[in-house]
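Accompanying notes for the structure given below.
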């Protein structure tokens, strides 16, 4: 499918994924996590430390984001390192942040 070609119809699965993606972007904690992961990959502990969140909160939010395929992870020993997994959504988030900061 051409990236610039409009989609003519939306099936139920597509509607569900789109609504869940916007739900993910509607939560301040998830926005903070995605914004951090846009810059680099981090472990759960590093995310918690950088954003001053509890590790359990970060793990819960990462699980939600992973289920939507917005983040991915790689294992190094016993540590999981997370990074963003969808350039399209990250571009939407980045543009929305720029819009919010525009005066």
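Numbering (the numbering used here), first residue to last: 331 to 433.
Heads up, the beta-carbon is just placed ideally off N, CA and C, and yes, glycines get one too.
Please classify residue 360: is it buried, with 16 or more other beta-carbons within 10 angstroms of its beta-carbon, or exposed?
On the chain shown, position 30 is the one that residue 360 refers to. Counting Cβ neighbours within 10 Å, residue 360 comes out buried, since at least 16 surround it.
| message | Quick check: the Cα distance between residue 365 and residue 414, rounded to an integer number of angstroms? | response | Reading the chain shown from its first residue, position 35 is the one you call residue 365. Reading the chain shown from its first residue, position 84 is the one you call residue 414. Cα to Cα, the separation comes out at about 9 Å.
Return the chain-ordered list of same chain residues with a C-beta closer than 8 Å to the C-beta of residue 351, the five sequence neighbours on each side being excluded.
-> On the chain shown, residue 351 is found 21 positions in, with the first residue counted as 1. If we look at residue 351 and ignore the five residues flanking it on each side, its Cβ neighbours are 398, 400, 419.
* Asked: With a Cβ-Cβ cutoff of 8 Å, do residue 392 and residue 374 count as a contact?
  -> By one-based count along the chain shown, residue 392 stands at place 62. By one-based count along the chain shown, residue 374 stands at place 44. Yes, the pair counts as a contact, with Cβ atoms nearer than the cut-off.
message = Restricting to Cα atoms, I'd like to know which of 353, 358, 424 is closest to residue 381.
response = For the purposes of this step, residue 381 is taken as residue 51 along the chain shown, with counting starting at 1. For the residues 353, 358, 424, the minimum Cα distance to residue 381 belongs to 358.
- Item | residue 344 to residue 385 span [Cα, whole Å] | To locate residue 344, count along the chain shown from 1; it is residue 14. To locate residue 385, count along the chain shown from 1; it is residue 55. Straight-line Cα distance between these residues: approximately 32 Å.
Checklist line | Sub-8 Å separation of residue 388 and residue 363 beta-carbons | finding: Residue 388 sits at position 58 when you count from the first residue of the chain shown. Residue 363 sits at position 33 when you count from the first residue of the chain shown. For residue 388 and residue 363, yes; Cβs fall inside 8 Å.
Checklist entry - DSSP puts residue 409 in a beta bridge; with which residues? => result As a working mapping, residue 409 is identified with position 79 in the chain shown. Beta-bridge pairing links residue 409 to 406.
Candidates 407, 409, 390, 404, of which the one nearest residue 354 by Cα: Counted from its first residue, the chain shown places residue 354 at position 24. For residue 354, the nearest C-alpha among the options comes from 390.
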